[in-house]
Amino acid sequence: MLRQNYNKCGGILEKPDDCPQEMFEVMMDGWNTDPERTFDYMQILRHLIAAQEALMDKSSSSNGVNVDENFEAELEETSNEHARHNGIANESNVFSFPSYFNATNSVLEIPNGKVIFRQRIGEGHYGTVHLGEVRYNSPNNAREYVAIKTLKSARAPQLSYDFMREIEIMESLDHPNIVKIKHWIQRPFCIIMEYLESGSFLVYLTSKKPNLTNEILLGFALDIAKGMDYLASKNIIHRDLAARNILVDRDSVKISDFGLAQRADSDGYYVAHSSREIPIKWYSPEAIKRDAKFSSQSDVWSYGVTLFEMFSRGESPNLDPNIDLTQDEFLLRLERGDRLRQPSLCPNNVYERLMKPCWHANPKMRPTFRDLIGVIQSIRNEIINTIPKPDFNNISPPTSPTSLN
1 MLRQNYNKCG GILEKPDDCP QEMFEVMMDG WNTDPERTFD YMQILRHLIA
51 AQEALMDKSS SSNGVNVDEN FEAELEETSN EHARHNGIAN ESNVFSFPSY
101 FNATNSVLEI PNGKVIFRQR IGEGHYGTVH LGEVRYNSPN NAREYVAIKT
151 LKSARAPQLS YDFMREIEIM ESLDHPNIVK IKHWIQRPFC IIMEYLESGS
201 FLVYLTSKKP NLTNEILLGF ALDIAKGMDY LASKNIIHRD LAARNILVDR
251 DSVKISDFGL AQRADSDGYY VAHSSREIPI KWYSPEAIKR DAKFSSQSDV
301 WSYGVTLFEM FSRGESPNLD PNIDLTQDEF LLRLERGDRL RQPSLCPNNV
351 YERLMKPCWH ANPKMRPTFR DLIGVIQSIR NEIINTIPKP DFNNISPPTS
401 PTSLN
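Here the sequence shown stands for residues 1 to 405, numbered as in UniProt numbering.
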(Lines of atoms letter the chains of each structure in order from A and count residues from 1; the text may use other names and numbers.)
(Lines give C-alpha, C1' and ligand atoms only; values in the text may rest on other atoms or scores of the structure.)
Protein backbone atom coordinates (compact mmCIF):
# COMPACT_ATOMS: atom_id res chain seq x y z
CA MET A 1 0.00 0.00 0.00
CA LEU A 2 2.80 2.45 0.88
CA ARG A 3 4.57 1.65 -2.41
CA GLN A 4 1.34 2.16 -4.36
CA ASN A 5 0.69 5.43 -2.56
CA TYR A 6 4.25 6.61 -3.21
CA ASN A 7 3.76 6.16 -6.96
CA LYS A 8 0.40 7.87 -6.90
CA CYS A 9 0.98 10.77 -4.53
CA GLY A 10 4.71 11.40 -4.59
CA GLY A 11 5.63 9.49 -1.45
CA ILE A 12 2.83 10.43 0.97
CA LEU A 13 -0.57 9.07 1.84
CA GLU A 14 -3.64 10.97 0.68
CA LYS A 15 -5.60 13.00 3.20
CA PRO A 16 -8.52 10.97 4.56
CA ASP A 17 -11.91 12.41 3.65
CA ASP A 18 -12.91 13.25 7.22
CA CYS A 19 -9.46 14.34 8.38
CA PRO A 20 -9.16 18.03 9.39
CA GLN A 21 -6.52 19.91 7.43
CA GLU A 22 -4.73 20.82 10.67
CA MET A 23 -4.23 17.15 11.53
CA PHE A 24 -3.11 16.27 8.01
CA GLU A 25 -0.41 18.94 8.28
CA VAL A 26 0.84 17.18 11.43
CA MET A 27 1.06 13.93 9.44
CA MET A 28 2.87 15.69 6.60
CA ASP A 29 5.62 16.85 8.95
CA GLY A 30 6.24 13.25 9.98
CA TRP A 31 6.72 12.15 6.37
CA ASN A 32 9.56 14.51 5.58
CA THR A 33 12.36 12.50 3.92
CA ASP A 34 15.05 14.64 5.57
CA PRO A 35 15.68 13.17 9.08
CA GLU A 36 16.82 16.58 10.30
CA ARG A 37 13.48 18.13 9.38
CA THR A 38 11.05 15.57 10.73
CA PHE A 39 9.29 16.72 13.87
CA ASP A 40 10.32 15.77 17.38
CA TYR A 41 8.04 15.23 20.37
CA MET A 42 7.85 18.93 21.23
CA GLN A 43 6.90 19.86 17.68
CA ILE A 44 4.14 17.26 17.64
CA LEU A 45 2.60 18.75 20.77
CA ARG A 46 2.88 22.27 19.39
CA HIS A 47 1.04 21.22 16.22
CA LEU A 48 -1.62 19.36 18.20
CA ILE A 49 -2.22 22.31 20.52
CA ALA A 50 -2.56 24.67 17.56
CA ALA A 51 -4.88 22.23 15.77
CA GLN A 52 -7.01 21.77 18.88
CA GLU A 53 -7.39 25.52 19.37
CA ALA A 54 -8.28 26.00 15.69
CA LEU A 55 -10.92 23.28 15.87
CA MET A 56 -12.25 24.75 19.12
CA ASP A 57 -12.69 28.15 17.48
CA LYS A 58 -14.49 26.59 14.48
CA SER A 59 -16.79 24.56 16.71
CA SER A 60 -17.70 27.44 19.00
CA SER A 61 -18.37 29.81 16.09
CA SER A 62 -20.54 27.32 14.16
CA ASN A 63 -22.72 25.78 16.83
CA GLY A 64 -21.65 27.15 20.18
CA VAL A 65 -20.50 23.74 21.42
CA ASN A 66 -17.15 23.42 23.18
CA VAL A 67 -15.01 20.59 21.81
CA ASP A 68 -13.95 19.84 25.39
CA GLU A 69 -17.55 19.60 26.63
CA ASN A 70 -17.58 15.80 27.03
CA PHE A 71 -14.16 15.86 28.62
CA GLU A 72 -15.21 18.57 31.08
CA ALA A 73 -18.42 16.67 31.87
CA GLU A 74 -16.44 13.51 32.61
CA LEU A 75 -14.17 15.46 34.93
CA GLU A 76 -17.19 16.94 36.68
CA GLU A 77 -18.61 13.46 37.37
CA THR A 78 -15.39 12.29 39.00
CA SER A 79 -14.64 15.54 40.79
CA ASN A 80 -14.12 15.55 44.56
CA GLU A 81 -14.13 18.41 47.01
CA HIS A 82 -10.70 19.95 47.49
CA ALA A 83 -9.15 22.87 49.26
CA ARG A 84 -9.34 25.97 47.09
CA HIS A 85 -7.05 28.95 47.03
CA ASN A 86 -9.19 31.89 48.09
CA GLY A 87 -10.65 33.63 45.09
CA ILE A 88 -10.78 30.60 42.77
CA ALA A 89 -14.21 29.73 41.42
CA ASN A 90 -15.71 26.90 39.35
CA GLU A 91 -14.19 23.94 41.13
CA SER A 92 -13.12 21.06 38.92
CA ASN A 93 -11.02 17.99 39.52
CA VAL A 94 -7.78 19.61 38.40
CA PHE A 95 -6.58 19.15 41.97
CA SER A 96 -8.53 15.99 42.80
CA PHE A 97 -6.51 13.41 40.86
CA PRO A 98 -3.95 11.33 42.74
CA SER A 99 -0.30 12.30 42.39
CA TYR A 100 1.29 11.36 39.07
CA PHE A 101 4.14 9.58 40.76
CA ASN A 102 5.87 9.46 44.13
CA ALA A 103 8.51 12.10 43.48
CA THR A 104 10.35 12.41 46.78
CA ASN A 105 13.86 10.89 46.50
CA SER A 106 13.20 9.83 42.90
CA VAL A 107 16.06 10.15 40.42
CA LEU A 108 15.50 11.08 36.78
CA GLU A 109 18.01 11.30 33.97
CA ILE A 110 18.63 14.52 32.04
CA PRO A 111 20.86 14.87 28.96
CA ASN A 112 23.93 15.97 30.92
CA GLY A 113 23.37 14.36 34.30
CA LYS A 114 20.59 13.46 36.71
CA VAL A 115 18.15 15.27 38.95
CA ILE A 116 17.24 14.08 42.45
CA PHE A 117 13.86 15.04 43.90
CA ARG A 118 13.83 16.43 47.43
CA GLN A 119 10.95 17.78 49.51
CA ARG A 120 7.79 19.33 48.12
CA ILE A 121 7.94 23.12 48.27
CA GLY A 122 4.73 24.25 46.57
CA GLU A 123 1.84 23.68 44.20
CA GLY A 124 0.76 25.36 40.97
CA HIS A 125 -2.41 25.35 38.86
CA TYR A 126 -2.07 21.67 37.97
CA GLY A 127 1.45 20.81 39.08
CA THR A 128 3.37 20.07 42.25
CA VAL A 129 6.74 21.74 42.84
CA HIS A 130 9.67 19.97 44.51
CA LEU A 131 13.13 21.10 45.45
CA GLY A 132 15.63 19.19 43.36
CA GLU A 133 19.36 18.69 43.11
CA VAL A 134 21.08 18.41 39.74
CA ARG A 135 24.27 16.38 39.56
CA TYR A 136 26.04 16.84 36.26
CA ASN A 137 28.12 14.18 34.55
CA SER A 138 31.03 16.57 34.07
CA PRO A 139 33.16 17.07 37.21
CA ASN A 140 33.67 20.67 36.09
CA ASN A 141 30.00 21.47 36.72
CA ALA A 142 29.05 21.95 40.35
CA ARG A 143 25.84 20.55 41.79
CA GLU A 144 22.96 22.99 41.83
CA TYR A 145 19.52 23.23 43.35
CA VAL A 146 16.51 23.53 41.06
CA ALA A 147 12.73 23.70 41.31
CA ILE A 148 10.91 20.77 39.66
CA LYS A 149 7.29 21.07 38.60
CA THR A 150 5.51 17.77 37.94
CA LEU A 151 2.09 17.08 36.48
CA LYS A 152 -0.43 16.09 39.15
CA SER A 153 -2.30 13.64 36.96
CA ALA A 154 -1.72 11.52 33.88
CA ARG A 155 -5.44 10.78 33.45
CA ALA A 156 -6.47 14.02 31.77
CA PRO A 157 -5.09 14.52 28.23
CA GLN A 158 -5.92 18.24 28.29
CA LEU A 159 -3.57 18.71 31.23
CA SER A 160 -0.74 17.15 29.23
CA TYR A 161 -1.39 19.59 26.39
CA ASP A 162 -1.41 22.47 28.87
CA PHE A 163 1.83 21.28 30.39
CA MET A 164 3.54 21.10 27.01
CA ARG A 165 2.27 24.56 26.14
CA GLU A 166 3.76 25.84 29.39
CA ILE A 167 7.11 24.30 28.43
CA GLU A 168 6.96 25.77 24.93
CA ILE A 169 6.23 29.25 26.28
CA MET A 170 8.90 29.12 28.98
CA GLU A 171 11.54 27.96 26.50
CA SER A 172 10.83 31.03 24.37
CA LEU A 173 11.47 33.47 27.24
CA ASP A 174 14.69 35.10 28.38
CA HIS A 175 14.34 37.99 30.83
CA PRO A 176 15.94 38.75 34.22
CA ASN A 177 12.50 39.10 35.86
CA ILE A 178 11.10 35.79 34.58
CA VAL A 179 11.98 32.39 36.05
CA LYS A 180 14.14 30.41 33.63
CA ILE A 181 13.52 26.84 32.49
CA LYS A 182 16.62 24.62 32.51
CA HIS A 183 15.38 21.23 31.32
CA TRP A 184 12.16 19.33 30.77
CA ILE A 185 11.40 15.62 30.90
CA GLN A 186 8.72 13.78 28.94
CA ARG A 187 8.08 10.79 31.23
CA PRO A 188 6.99 11.76 33.77
CA PHE A 189 6.23 15.33 32.68
CA CYS A 190 8.65 17.58 34.55
CA ILE A 191 9.73 21.19 34.16
CA ILE A 192 13.10 21.86 35.77
CA MET A 193 13.56 25.54 36.59
CA GLU A 194 16.00 27.76 38.40
CA TYR A 195 15.53 27.63 42.17
CA LEU A 196 15.05 30.88 44.07
CA GLU A 197 15.87 30.31 47.71
CA SER A 198 13.76 33.16 49.11
CA GLY A 199 10.68 31.53 47.63
CA SER A 200 7.11 32.79 47.45
CA PHE A 201 6.62 36.54 47.23
CA LEU A 202 3.31 36.25 49.08
CA VAL A 203 5.02 34.57 52.05
CA TYR A 204 7.83 37.11 51.81
CA LEU A 205 5.35 40.01 52.02
CA THR A 206 3.83 38.75 55.26
CA SER A 207 7.07 37.59 56.91
CA LYS A 208 9.09 40.72 56.05
CA LYS A 209 6.23 43.13 56.72
CA PRO A 210 7.98 45.39 59.29
CA ASN A 211 11.02 45.91 57.05
CA LEU A 212 9.30 46.50 53.71
CA THR A 213 9.49 50.20 52.87
CA ASN A 214 7.44 51.69 50.06
CA GLU A 215 10.66 52.33 48.16
CA ILE A 216 11.56 48.62 48.32
CA LEU A 217 8.06 47.64 47.19
CA LEU A 218 8.22 50.05 44.26
CA GLY A 219 11.46 48.36 43.22
CA PHE A 220 9.65 45.01 43.21
CA ALA A 221 6.72 46.58 41.34
CA LEU A 222 9.18 47.77 38.71
CA ASP A 223 10.64 44.27 38.36
CA ILE A 224 7.20 42.76 37.77
CA ALA A 225 6.19 45.50 35.32
CA LYS A 226 9.39 44.97 33.31
CA GLY A 227 8.81 41.22 33.16
CA MET A 228 5.19 41.70 32.11
CA ASP A 229 6.16 44.31 29.51
CA TYR A 230 8.51 41.71 28.04
CA LEU A 231 5.70 39.13 27.93
CA ALA A 232 3.43 41.65 26.20
CA SER A 233 6.13 42.27 23.59
CA LYS A 234 6.15 38.51 22.91
CA ASN A 235 2.32 38.42 22.62
CA ILE A 236 2.07 36.20 25.69
CA ILE A 237 -0.78 36.62 28.17
CA HIS A 238 0.09 35.30 31.64
CA ARG A 239 -3.52 35.01 32.90
CA ASP A 240 -2.48 34.21 36.48
CA LEU A 241 -0.42 37.15 37.70
CA ALA A 242 -0.57 37.30 41.50
CA ALA A 243 1.82 37.54 44.44
CA ARG A 244 1.60 33.75 44.86
CA ASN A 245 3.13 33.36 41.39
CA ILE A 246 6.05 35.72 41.99
CA LEU A 247 9.33 34.41 43.42
CA VAL A 248 11.96 36.37 45.36
CA ASP A 249 15.59 36.37 44.25
CA ARG A 250 17.64 38.31 46.81
CA ASP A 251 16.94 41.97 45.95
CA SER A 252 14.64 41.37 42.96
CA VAL A 253 11.57 39.32 42.03
CA LYS A 254 10.71 37.05 39.09
CA ILE A 255 7.44 36.01 37.45
CA SER A 256 6.70 32.28 37.53
CA ASP A 257 3.94 29.70 36.88
CA PHE A 258 2.95 29.84 33.22
CA GLY A 259 0.39 27.06 33.57
CA LEU A 260 -2.46 29.30 32.35
CA ALA A 261 -0.39 31.39 29.92
CA GLN A 262 -1.50 31.63 26.30
CA ARG A 263 -0.25 33.26 23.13
CA ALA A 264 -2.44 36.11 21.91
CA ASP A 265 -3.96 36.03 18.43
CA SER A 266 -3.17 38.62 15.75
CA ASP A 267 -5.58 41.06 17.43
CA GLY A 268 -3.91 40.66 20.82
CA TYR A 269 -6.58 38.48 22.45
CA TYR A 270 -7.12 34.97 23.74
CA VAL A 271 -10.74 33.85 24.19
CA ALA A 272 -11.29 30.99 26.65
CA HIS A 273 -14.25 28.79 25.69
CA SER A 274 -13.93 26.08 28.33
CA SER A 275 -14.95 26.37 31.96
CA ARG A 276 -12.01 26.00 34.32
CA GLU A 277 -10.87 27.20 37.69
CA ILE A 278 -10.29 30.92 37.52
CA PRO A 279 -8.76 33.20 40.18
CA ILE A 280 -11.61 35.72 40.04
CA LYS A 281 -10.18 38.08 42.66
CA TRP A 282 -7.34 38.86 40.25
CA TYR A 283 -9.43 38.91 37.06
CA SER A 284 -10.89 41.81 35.09
CA PRO A 285 -14.62 41.86 34.25
CA GLU A 286 -14.05 40.82 30.63
CA ALA A 287 -12.00 37.82 31.82
CA ILE A 288 -14.71 36.59 34.21
CA LYS A 289 -17.59 36.57 31.74
CA ARG A 290 -18.77 33.40 29.99
CA ASP A 291 -16.69 33.89 26.84
CA ALA A 292 -13.70 35.13 28.79
CA LYS A 293 -11.55 37.54 26.78
CA PHE A 294 -7.94 37.88 27.85
CA SER A 295 -5.28 40.33 26.69
CA SER A 296 -2.25 42.15 27.98
CA GLN A 297 -4.75 44.64 29.40
CA SER A 298 -6.44 41.95 31.50
CA ASP A 299 -2.94 41.16 32.80
CA VAL A 300 -2.66 44.86 33.71
CA TRP A 301 -5.79 44.49 35.86
CA SER A 302 -4.20 41.51 37.62
CA TYR A 303 -1.05 43.58 38.09
CA GLY A 304 -3.11 46.20 39.94
CA VAL A 305 -4.46 43.49 42.26
CA THR A 306 -0.90 42.24 42.79
CA LEU A 307 0.06 45.80 43.77
CA PHE A 308 -2.74 45.69 46.36
CA GLU A 309 -1.23 42.52 47.80
CA MET A 310 2.17 44.17 47.91
CA PHE A 311 1.23 47.48 49.55
CA SER A 312 -1.15 45.78 52.00
CA ARG A 313 1.79 43.52 52.93
CA GLY A 314 0.09 40.31 51.90
CA GLU A 315 -3.62 40.84 52.52
CA SER A 316 -6.14 38.87 50.47
CA PRO A 317 -7.70 41.13 47.78
CA ASN A 318 -11.32 41.05 48.95
CA LEU A 319 -13.81 43.57 47.57
CA ASP A 320 -15.86 43.02 50.72
CA PRO A 321 -13.87 41.44 53.58
CA ASN A 322 -17.11 40.45 55.33
CA ILE A 323 -18.77 38.58 52.44
CA ASP A 324 -17.62 35.59 50.40
CA LEU A 325 -18.93 36.61 46.97
CA THR A 326 -19.95 34.17 44.26
CA GLN A 327 -18.51 34.64 40.78
CA ASP A 328 -21.72 36.31 39.54
CA GLU A 329 -21.88 38.59 42.59
CA PHE A 330 -18.23 39.50 42.19
CA LEU A 331 -18.69 40.38 38.52
CA LEU A 332 -21.77 42.48 39.33
CA ARG A 333 -19.80 44.43 41.95
CA LEU A 334 -17.01 45.15 39.46
CA GLU A 335 -19.45 46.22 36.75
CA ARG A 336 -21.13 48.69 39.09
CA GLY A 337 -17.73 50.24 39.86
CA ASP A 338 -16.62 48.62 43.11
CA ARG A 339 -12.84 48.44 43.47
CA LEU A 340 -10.34 47.33 46.11
CA ARG A 341 -9.85 49.87 48.87
CA GLN A 342 -6.60 51.72 49.45
CA PRO A 343 -4.41 49.71 51.87
CA SER A 344 -3.66 51.58 55.08
CA LEU A 345 0.10 51.59 54.45
CA CYS A 346 -0.18 52.49 50.76
CA PRO A 347 0.81 56.06 49.76
CA ASN A 348 -1.87 58.10 47.98
CA ASN A 349 0.20 58.55 44.83
CA VAL A 350 0.74 54.80 44.52
CA TYR A 351 -2.98 54.07 44.87
CA GLU A 352 -4.24 56.92 42.67
CA ARG A 353 -1.59 56.95 39.95
CA LEU A 354 -0.40 53.34 39.84
CA MET A 355 -3.03 50.99 41.25
CA LYS A 356 -6.45 52.42 40.33
CA PRO A 357 -5.72 53.10 36.64
CA CYS A 358 -5.14 49.34 36.21
CA TRP A 359 -8.80 48.77 37.10
CA HIS A 360 -10.44 50.93 34.46
CA ALA A 361 -13.64 49.28 33.22
CA ASN A 362 -12.57 49.84 29.61
CA PRO A 363 -9.50 47.69 28.86
CA LYS A 364 -8.28 50.19 26.26
CA MET A 365 -8.20 52.92 28.90
CA ARG A 366 -5.87 50.97 31.19
CA PRO A 367 -2.17 51.83 31.07
CA THR A 368 0.23 49.51 29.28
CA PHE A 369 3.04 47.91 31.23
CA ARG A 370 5.41 50.31 29.49
CA ASP A 371 3.28 53.19 30.85
CA LEU A 372 3.37 51.66 34.33
CA ILE A 373 7.17 51.44 34.25
CA GLY A 374 7.29 55.20 33.67
CA VAL A 375 4.83 55.89 36.51
CA ILE A 376 6.81 53.75 38.96
CA GLN A 377 10.07 55.47 38.07
CA SER A 378 8.42 58.87 38.52
CA ILE A 379 7.01 57.98 41.96
CA ARG A 380 10.36 56.55 43.07
CA ASN A 381 12.09 59.77 42.09
CA GLU A 382 9.52 61.76 44.07
CA ILE A 383 10.18 59.64 47.15
CA ILE A 384 13.94 60.09 46.79
CA ASN A 385 13.56 63.86 46.42
CA THR A 386 11.40 64.12 49.56
CA ILE A 387 14.03 62.48 51.76
CA PRO A 388 15.74 65.28 53.76
CA LYS A 389 19.35 65.79 52.77
CA PRO A 390 21.91 66.62 55.48
CA ASP A 391 23.24 70.20 55.44
CA PHE A 392 26.97 69.65 55.67
CA ASN A 393 27.61 73.43 55.89
CA ASN A 394 25.98 73.63 59.31
CA ILE A 395 27.71 70.60 60.78
CA SER A 396 30.30 71.57 63.42
CA PRO A 397 33.69 69.86 63.26
CA PRO A 398 34.31 67.18 65.90
CA THR A 399 35.65 68.41 69.21
CA SER A 400 39.39 67.85 69.57
CA PRO A 401 40.62 65.82 72.55
CA THR A 402 42.61 68.79 73.92
CA SER A 403 39.52 70.97 74.18
CA LEU A 404 38.02 68.58 76.69
CA ASN A 405 40.67 69.40 79.30
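Ideal Cβ positions, reconstructed from N, Cα and C, are used throughout, including at glycine.
Residue i lies in the alpha helix (DSSP H); which residues open and close that run?
| i | result |
| --- | --- |
| Trp301 | Ser296 to Phe311 |
| Arg333 | Gln327 to Glu335 |
| Tyr204 | Phe201 to Ser207 |
When DSSP labels each residue in this structure, what does residue i get in the three-state scheme?
| i | result |
| --- | --- |
| Tyr195 | coil |
| Asp18 | coil |
| Leu13 | coil |
| Ala264 | coil |
| Lys182 | strand |
| Ile384 | helix |
| Lys315 | As written in the sequence, residue 315 is Glu, which differs from the Lys given in the question. Residue state, collapsed to three classes: coil. |
| Arg165 | helix |
| Pro176 | coil |
| Gly87 | With a pLDDT of 43 at Gly87, under the threshold of 50, the modelled position of this residue cannot be trusted; read the value that follows with caution. Of the three classes helix, strand and coil, the one that applies to Gly87 here is coil, per DSSP. |
| Leu372 | helix |
| Pro345 | Note that residue 345 corresponds to Leu in the displayed sequence, not to Pro. Leu345: coil per DSSP, three-state reduction. |
| Leu212 | coil |
| Leu131 | strand |
| Pro357 | helix |
| Ile379 | helix |
| Pro321 | coil |
| Pro367 | coil |
| Leu340 | coil |
Please list the terminal residues of the continuous beta strand (DSSP E) segment that includes residue i.
| i | result |
| --- | --- |
| Ala147 | Glu144 to Leu151 |
| Arg118 | Gly113 to Glu123 |
| Ala108 | The residue you asked about is not Ala; residue 108 is Leu in the sequence shown. Taken as a continuous stretch (DSSP letters only), the beta strand (DSSP E) holding Leu108 covers Val107 to Ile110. |
Looking only at C-alpha atoms, which of the options sits nearest to residue i?
| i | options | result |
| --- | --- | --- |
| Glu123 | Glu144, Val179, Ile148 and Leu108 | Ile148 |
| Val305 | Asp265, Leu334 and Ser233 | Leu334 |
| Glu194 | Val248, Ser207 and Asp229 | Val248 |
| Arg263 | Asn141, Lys293, Asn245 and Ile246 | Lys293 |
| Phe258 | Asp320, Lys180 and Gly219 | Lys180 |
| residue 414 | Phe189, Leu372, Glu309 and Ile110 | Residue 414 is absent from the model: the chain starts at 1 and stops at 405. |
| Leu345 | Leu222, Ser312, Lys208 and Arg118 | Ser312 |
| Leu212 | Asp251, Ile237, Lys226 and Ile178 | Asp251 |
| Glu144 | Ile178, Ile192, Met164 and Pro176 | Ile192 |
| Phe330 | Ser284, Tyr351, Pro347 and Asp299 | Ser284 |
| residue 406 | Ser266, Val146, Leu217 and Gly314 | This structure cannot speak to residue 406, because the chain is shown only from 1 to 405. |
| Gly199 | Asp229, Arg239 and Val253 | Val253 |
| Leu222 | Asp162, Leu307 and Ala272 | Leu307 |
| Ile216 | Lys15, Pro20, Met27 and Ile383 | Ile383 |
| His175 | Tyr161, Ser233 and Asp162 | Ser233 |
| Gly219 | Val375, Ala272 and Glu14 | Val375 |
| Ala242 | Gly268, Val134, Leu332 and Ser316 | Ser316 |
| Ile288 | Ala361, Ser207, Ile379 and Phe369 | Ala361 |
| Ile290 | Ser302, Glu277 and Asp299 | First, the amino acid is wrong: residue 290 is Arg here, not Ile. Comparing Cα positions, the closest option is Glu277. |
| Pro321 | Ile246, Leu340 and Gln327 | Leu340 |
| residue 414 | Ile224, Cys190 and Pro210 | Residue 414 falls outside the range modelled here, since the chain spans only 1 to 405, and no answer is possible. |
| Gly127 | Ser106, Leu151 and Tyr230 | Leu151 |
| Ala225 | Ile178, Arg244 and Glu197 | Ile178 |
| Lys182 | Tyr161, Ile110 and Thr206 | Ile110 |
| Tyr230 | Pro347, Ser378, Ile373 and Asn381 | Ile373 |
| Ile121 | Gly113, Gly132, Lys114 and Asn112 | Gly132 |
| Lys364 | Ser296, His238, Gly227 and Leu354 | Ser296 |
| Tyr351 | Asn214, Phe369, Asp267 and Ile255 | Asn214 |
| Gly113 | Val129, Ser138, Ser207 and Lys208 | Ser138 |
| Val271 | Val134, Lys281, Ser298 and Lys208 | Ser298 |
| Ile379 | Asn141, Thr368, Met355 and Trp359 | Met355 |
| Val134 | Tyr303, Val203, Lys208 and Trp184 | Trp184 |
| Trp359 | Pro20, Asn381, Leu325 and Leu319 | Leu319 |
So if DSSP puts residue i in a beta bridge, which residue, or which two residues, is it bridged to?
| i | result |
| --- | --- |
| Cys190 | Thr150 and Ile185 |
| Tyr136 | Gly113 |
In chain order, each alpha helix (DSSP H) run of at least 4 residues that lies wholly inside the region 217-297:
285-288
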